[in-house]
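What follows is a short report on a single structure.
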Amino acid sequence: MCGIVGYIGPRETAKVLIEGLKRLEYRGYDSAGIAIFNQGKVEIRRKEGKLIKLEELIGEETFDGKVGIGHTRWATHGRPSDENAHPHKAGRVAVVHNGIIENYLSLKEILKSKGHIFTSETDTEIISHLIDEFIQEGNSSLDAVRIALDKIKGSYALGILIEGDERSLLAAKKESPLVVGIGEGEYFIASDVPAVLPYTKNFIFMEDGEIALLSAEGVKVFNVKGEEVSKEPKRVNWNSLMAEKGGYKHFMLKEIFEQPRAVIDTIRGRLSEEKGDAVLENVHFAPTFLKKMKRVSLIACGTSYHAALIGKFLIEEFCRIPVEPDIGSEFRYRNPIVGESNLLIAISQSGETADTLAALREAKRKGTTTLAICNVVESSLAREADQVIYTHAGPEIGVASTKTFVTQLVILFLLALHMGRELGILSKEEGKALIEELVRVPHLMEEMLKASNQVSKIARKYLHARDFLYLGRGINYPIALEGALKLKEISYVHAEGYPAGEMKHGPIALIDREMPVVVLATKNEVYEKVISNIEEVKAREGMVIALASPSDREIVHKVDDVIFIPETIPSLTPILLTIPLQLLAYYMADFKGTDVDQPRNLAKSVTVE
Ligand code: AGP
Numbered sequence: 000m001c002g003i004v005g006y007i008g009p010r011e012t013a014k015v016l017i018e019g020l021k022r023l024e025y026r027g028y029d030s031a032g033i034a035i036f037n038q039g040k041v042e043i044r045r046k047e048g049k050l051i052k053l054e055e056l057i058g059e060e061t062f063d064g065k066v067g068i069g070h071t072r073w074a075t076h077g078r079p080s081d082e083n084a085h086p087h088k089a090g091r092v093a094v095v096h097n098g099i100i101e102n103y104l105s106l107k108e109i110l111k112s113k114g115h116i117f118t119s120e121t122d123t124e125i126i127s128h129l130i131d132e133f134i135q136e137g138n139s140s141l142d143a144v145r146i147a148l149d150k151i152k153g154s155y156a157l158g159i160l161i162e163g164d165e166r167s168l169l170a171a172k173k174e175s176p177l178v179v180g181i182g183e184g185e186y187f188i189a190s191d192v193p194a195v196l197p198y199t200k201n202f203i204f205m206e207d208g209e210i211a212l213l214s215a216e217g218v219k220v221f222n223v224k225g226e227e228v229s230k231e232p233k234r235v236n237w238n239s240l241m242a243e244k245g246g247y248k249h250f251m252l253k254e255i256f257e258q259p260r261a262v263i264d265t266i267r268g269r270l271s272e273e274k275g276d277a278v279l280e281n282v283h284f285a286p287t288f289l290k291k292m293k294r295v296s297l298i299a300c301g302t303s304y305h306a307a308l309i310g311k312f313l314i315e316e317f318c319r320i321p322v323e324p325d326i327g328s329e330f331r332y333r334n335p336i337v338g339e340s341n342l343l344i345a346i347s348q349s350g351e352t353a354d355t356l357a358a359l360r361e362a363k364r365k366g367t368t369t370l371a372i373c374n375v376v377e378s379s380l381a382r383e384a385d386q387v388i389y390t391h392a393g394p395e396i397g398v399a400s401t402k403t404f405v406t407q408l409v410i411l412f413l414l415a416l417h418m419g420r421e422l423g424i425l426s427k428e429e430g431k432a433l434i435e436e437l438v439r440v441p442h443l444m445e446e447m448l449k450a451s452n453q454v455s456k457i458a459r460k461y462l463h464a465r466d467f468l469y470l471g472r473g474i475n476y477p478i479a480l481e482g483a484l485k486l487k488e489i490s491y492v493h494a495e496g497y498p499a500g501e502m503k504h505g506p507i508a509l510i511d512r513e514m515p516v517v518v519l520a521t522k523n524e525v526y527e528k529v530i531s532n533i534e535e536v537k538a539r540e541g542m543v544i545a546l547a548s549p550s551d552r553e554i555v556h557k558v559d560d561v562i563f564i565p566e567t568i569p570s571l572t573p574i575l576l577t578i579p580l581q582l583l584a585y586y587m588a589d590f591k592g593t594d595v596d597q598p599r600n601l602a603k604s605v606t607v608e
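What the sequence shown shows, in numbering that gives the first Met the number 0, is residues 0 to 608, in sequence order.
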C-alpha cells in the first residue's frame, strides 16, 4: 500500500512528483504530500484526501528546488488526516514511506526520552527522528540512514531528504517495492515503473537491504555495510500510453476493453503448434521432477485466488495431478504439508501481496519448488520464486483486477498444457487442438465485448437491487465468485458467489422477487444440473440473468435476461464469462456514481498482512 516517488533533475520538481503520484494513486488515496528543497530548506505540502486536494493546496505556488519526494497514502497506523500524511519531517530529515515499522512503539519511547517530539500517530515518523538522531551525532547522510535502518524491524520503501545535503536524494528498500529510474541527467525513485514511465524506460530494481544515493551526477547503490554494489539498469518494454485512460471514462473500462490485446500479448511467442505444446521461456523442471510430483499448491489472494481455483480444474484435467488452491493468508499460518515432491505456484498481479509472498517463503523454507505467475516485472514474488512466468497484460491502474485476471487464466492454461505434454497425459494431437482453440479466444473476446450495451441496460434494470447471488458449477464456479467480488468492490452492492449445487443447502432461503440471480449456464457436462437450479430460483420468484451458449434458444423462455457467450471449449469458457460480469459490475458502479477506479477502503497492492 502507499506509493512513493522522488526526483532529482532539471525539470519542475513539483510537477514531476504530482504526475508520478497520479500514476501511483491506485496504491492508496487517503492523503498525499510532497517535500522539495527550496533554498536549502525542505518545504512540505501535504493534505488529507485524494491528490486533487494536494493540488488545490499547492495552487499556483512554485518551488525552485531540484530535488523532491512525494507520497500517496493508504492508512495503516493513524487515521487519514493532514498530520498523518507523509512526508514526515524531524529536525533536518524528511521521509516518505511505504511499509510498516513493527517496532515503532519501542523506538518512539527511546526517542522521546532523548527529547524528540512527535506530531503524528504514524509508524513512519520514527524513521525521520531516528535518522536525524544519527545526523546530529555527526554521521554522513548515507551512514545515518544505514545505522537507522539497522534499528528498524519491518518493511519499507523510503525516499529521504536531508537538509544540509540538498544535492542528494536517498532511497532504501526492504520488503516493499522500489525502483530507480535512470534518465538523461535526471533520476527518479518510485514504487513502480509506470509512475515515471513518461521520463525513462531504464530502471534499477532495488533489492532488500540496499540504499540508493541519487545526485545530479548519477546513482550509487550501497549494501547494509555501506559498500557500493554494482547494479545494471534494465530496460522495460511498457510505454507510458499504457498507463493512460485513452478516451475511456475510467481505467477499469479501458482495461476491460484491452483484454483481447492483453491475451494476444500473453500468448505471443509461447505456442508451438507443430509440437502441440506451450513454450514457456523461463520454465525448466528437472527431468524427473514432474513425474515424481505428488501435488500442486496454487496460492493467491482475491481475484488471483479465483484464477487459482480455475487453475485447479485445468491442471487436474490436463495433468491428472491433485491440485490444492489456497488463500495466501490461510496457507502461511497452517503449517502446510509441502516439500520436495510438491510444486507451489503463487499467482499475483502485483507480485507484492504480503500474504502471497509469505506463503511462497514458507513453502521455499520447506524445500518446495516454486513458480510465480506475475504481471509486474521484477516484483518481489517474481524474484523470490524459483521460476517466473509473466502475464503480459501491461500496467493495470484500476484497483479492480480485470485484464490481469484473464491473462492469469491464459498462463494457467499454457502451463497446464505444457505440464500435461511433458507428463505424456496429453497427446500431441490433443495439444494442437487446445492451441487451436486458444488462438481463437481474443477474437471471441472481441465478440463478447460487443454485448457491452446490452449489459449496460441490464445493469440499469437491476440498479436498485440490494443483493445479488452468482451461481456456477464446475470450472465456471470460480467465475461466479469473481463476478460477485467485482460487484461488491466497485459498486458496494452485496453479492455472494456460490456453487449452484450448494444453493439448496442455504442461500435458497434468500431468494424472493427482489433478488437477481446471475447464473452461469453455458453448455457443458453440468448444463442440465444448472438448468435445474434456474428452475429452483424461478419457482421462488427470483429474477434470473443467465449467461448462456448461443445455441441454447430454450433458455430465453426460462429466465428474465440472457447474455449469450460465444462458443468455445469448457476450459476456455471462463475467460469469456468474465467479461460480461466485469461490465455488469462496472456499469452498476458507474450508474451509482461510485469511484470506480479507486473504490473506498481498497488499494491495488496489499503489501500488509
Ligand atoms: C480484485 O479486483 C482486487 N484487486 C484484489 O482482490 C486483488 O486481486 C488481490 O488483492 C490480490 O492482488 P495481487 O494479484 O496483486 O496479488
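C-beta atoms are modelled at their ideal positions from N, C-alpha and C, and glycine is treated no differently.
Around the C-beta of ASP511, are 16 or more other C-beta atoms found within 10 angstroms, so that it is buried, or is it exposed?
Here residue 511 is taken as the residue at index 512 of the sequence shown, counted from 1. So ASP511 ends up on the exposed side.
Is the number of C-beta pairs between the stretch 85 to 98 and the stretch 152 to 159 that are closer than 8 Å three or more?
Touching, yes.
Give the DSSP-derived three-state secondary structure of MET292 in the structure shown.
As a working note, residue 292 is residue 293 in the sequence shown. Here MET292 sits in coil by DSSP.
Can you name, in chain order, every residue of its own chain whose Cβ lies under 7 Å from the Cβ of THR577, other than the five neighbours on each side?
Within the sequence shown, numbered from 1, the residue matching residue 577 stands at position 578. Here the set comprises PHE404, VAL405, ILE478 and GLU481.
May I have the straight-line CA-CA distance separating HIS556 from ALA545, to the nearest angstrom?
Here residue 556 corresponds to residue number 557 of the sequence shown, with the count starting at 1. Here residue 545 corresponds to residue number 546 of the sequence shown, with the count starting at 1. Taking the straight line joining both Cα atoms gives about 11 Å.
Closer than 7 Å by C-beta to ARG459: which residues in its own chain qualify, once you throw out the five before and the five after it? Chain order, please.
If you number the sequence shown from 1, residue 459 lands on position 460. PHE590, listed in sequence order.
Applying the criterion that 16 or more other CB atoms from any shown protein chain within 10 Å of the CB defines a buried residue, is ALA285 buried or exposed?
As a working note, residue 285 is residue 286 in the sequence shown. With fewer than 16 Cβ atoms within 10 Å of its Cβ, ALA285 is classed as exposed.
Any idea what DSSP makes of CYS300, helix, strand or coil?
The sequence position of residue 300 within the sequence shown is 301, counting from 1. Reduced to three states, the DSSP call for CYS300 is coil.
Following the continuous alpha helix (DSSP H) through THR12, name the residue where it begins and the one where it ends.
The residue labelled residue 12 in the question sits at position 13 within the sequence shown. 12 to 23 is the extent of the alpha helix (DSSP H) around THR12.
Output yes or no for whether 8 Å exceeds the beta carbon distance between ILE372 and ILE410.
Within the sequence shown, the letter at position 373 stands for residue 372. Within the sequence shown, the letter at position 411 stands for residue 410. Yes. Within cutoff.
Whole angstroms is fine: what's the gap from SER105's alpha carbon to LYS40's?
Reading the sequence shown from its first residue, position 106 is the one you call residue 105. Reading the sequence shown from its first residue, position 41 is the one you call residue 40. Looking at the two C-alpha atoms, the distance is approximately 30 Å.
Start and end of the beta strand (DSSP E) containing THR593?
Position 594 of the sequence shown holds residue 593. Neither: THR593 is in no beta strand (DSSP E) and is coded neither H nor E.
Are there any heavy atoms of ligand 1 lying less than 7 Å away from the beta-carbon of GLY27, as far as the coordinates show?
As a first step, residue 27 is located in the sequence shown; it is residue number 28 there, counting from the start. No; taking the cut-off as 7 Å, the Cβ of GLY27 has no heavy atom of ligand 1 nearer than that.
With distances taken Cα to Cα, identify the nearest neighbour of ASP610 among LEU213, GLY27 and SER175.
The structure shown has nothing for residue 610, since the chain only spans 0 to 608.
Which residues, in chain order, sit with a beta-carbon under 5 Å away from any heavy atom of ligand 1?
The filter returns CYS300, GLY301, THR302, SER303, SER347, GLN348, SER349, THR352, ALA399, SER400 and VAL605, in chain order.
I'd like to check one pair, ILE7 with LEU213: are the Cβ atoms closer than 8 Å?
Position 214 of the sequence shown, counting from 1, holds the residue named residue 213. Position 8 of the sequence shown, counting from 1, holds the residue named residue 7. Yes, Cβ-Cβ distance for LEU213 and ILE7 is below 8 Å.
State the DSSP-derived secondary structure class of PHE284, mapped to helix, strand or coil.
Locating residue 284 in the sequence shown gives position 285, where the first residue counts as 1. Correct three-state label for PHE284: coil.
Give me the Cβ distance between ILE254 and GLU24, rounded to the nearest whole Å; I'm assuming they're in contact under 8 Å.
By one-based count along the sequence shown, residue 254 stands at place 255. By one-based count along the sequence shown, residue 24 stands at place 25. Going by the sequence as given, residue 254 is Glu instead of Ile. Contact flag wrong, Cβ pair sits at about 16 Å.
So, are the CB atoms of ASN523 and GLN386 less than 8 Å apart?
Working through the sequence shown from its first residue, we reach residue 523 at position 524. Working through the sequence shown from its first residue, we reach residue 386 at position 387. The answer is no: Cβ separation not under 8 Å.
What does a CB cutoff of less than 8 Å around GLU339 pick up in its chain, not counting 5 residues either side in sequence?
Here residue 339 refers to the residue found at position 340 when the sequence shown is read from its first residue. Counting only Cβ-Cβ distances below 8 Å, and skipping sequence neighbours, we find GLY366, THR367 and THR368.
According to the neighbour-count rule (16 or more other Cβ atoms, all chains shown, within 10 Å of its Cβ), is LYS603 buried or exposed?
Within the sequence shown, numbered from 1, the residue matching residue 603 stands at position 604. Per the 10 Å Cβ criterion, buried.
Sorted by chain position, which residues of the same chain lie with C-beta nearer than 6 Å to GLU513's C-beta, five sequence neighbours on each side aside?
Counted from its first residue, the sequence shown places residue 513 at position 514. Hits under 6 Å: none found.
Since VAL66 and LEU148 should fall inside the 8 Å C-beta cutoff, what is the C-beta to C-beta distance between them, to a whole number of angstroms?
The residue labelled residue 66 in the question sits at position 67 within the sequence shown. The residue labelled residue 148 in the question sits at position 149 within the sequence shown. Not quite, the Cβ-Cβ distance comes to about 20 Å (not below 8 Å), so this is no contact.
Check this for me: beta carbons of LEU408 and ILE309, under 8 Å apart or not?
For the purposes of this step, residue 408 is taken as the residue at position 409 of the sequence shown. For the purposes of this step, residue 309 is taken as the residue at position 310 of the sequence shown. Yes, Cβ-Cβ distance for LEU408 and ILE309 is below 8 Å.
Measure the alpha-carbon distance for ILE344 versus THR401 and round it to whole angstroms.
For the purposes of this step, residue 344 is taken as the residue at position 345 of the sequence shown. For the purposes of this step, residue 401 is taken as the residue at position 402 of the sequence shown. Rounded to whole angstroms, ILE344 to THR401 spans 20 Å at the Cα level.
Span of the alpha helix (DSSP H) holding ASN658?
Limits of the chain in this structure are 0 at one end and 608 at the other, which puts residue 658 out of reach.
For HIS96, which of helix, strand or coil comes out of DSSP?
By 1-based counting over the sequence shown, the position of residue 96 is 97. DSSP places HIS96 in strand when its eight states are reduced to three.
For MET447, write down the residues that DSSP places opposite it in a beta bridge.
Taking the sequence shown and counting its residues from 1, one reaches residue 447 at position 448. Answer is none; MET447 lacks a bridge partner.
Starting from the C-beta of GLY473, find all residues in its chain whose C-beta is less than 6 Å away, skip the five residues before and the five after it, and write them out in chain order.
Taking the first residue of the sequence shown as 1, we reach residue 473 at position 474. Same-chain partners within the cutoff: VAL525.
Closer than 8 Å is the cut-off here; do at least three beta carbon pairs connect the stretch 529 to 539 with the stretch 490 to 507?
Yes, the stretch 529 to 539 is in contact with the stretch 490 to 507.
Can you tell which of TYR476, ALA399, GLU553 and PHE412 has the C-alpha that lies nearest to the C-alpha of ASN600?
Here residue 600 is taken as the residue at index 601 of the sequence shown, counted from 1. Of the candidates TYR476, ALA399, GLU553 and PHE412, the one whose C-alpha sits nearest the C-alpha of ASN600 is ALA399.
Kindly list the residues whose CB is nearer than 7 Å to the CB of GLY64, restricted to its own chain and excluding five residues on each side of it in sequence; keep chain order.
Locating residue 64 in the sequence shown gives position 65, where the first residue counts as 1. Around GLY64: THR12, ILE35, PHE36 and ASN37.
Can you give me the start and stop residues for the beta strand (DSSP E) that ALA415 sits inside?
Mapped onto the sequence shown, residue 415 falls at position 416. Segment 402 to 422 is the alpha helix (DSSP H) holding ALA415; no beta strand (DSSP E) there.
Considering just the uninterrupted stretch of the alpha helix (DSSP H) at PHE250, what are its terminal residues?
Reading the sequence shown from its first residue, position 251 is the one you call residue 250. Its alpha helix (DSSP H) spans residues 250 to 256.
Taking DSSP's pairing of strands, which residues face ASP560 in a bridge?
Indexing the sequence shown from 1 puts residue 560 at position 561. ILE544, per the DSSP bridge assignment.
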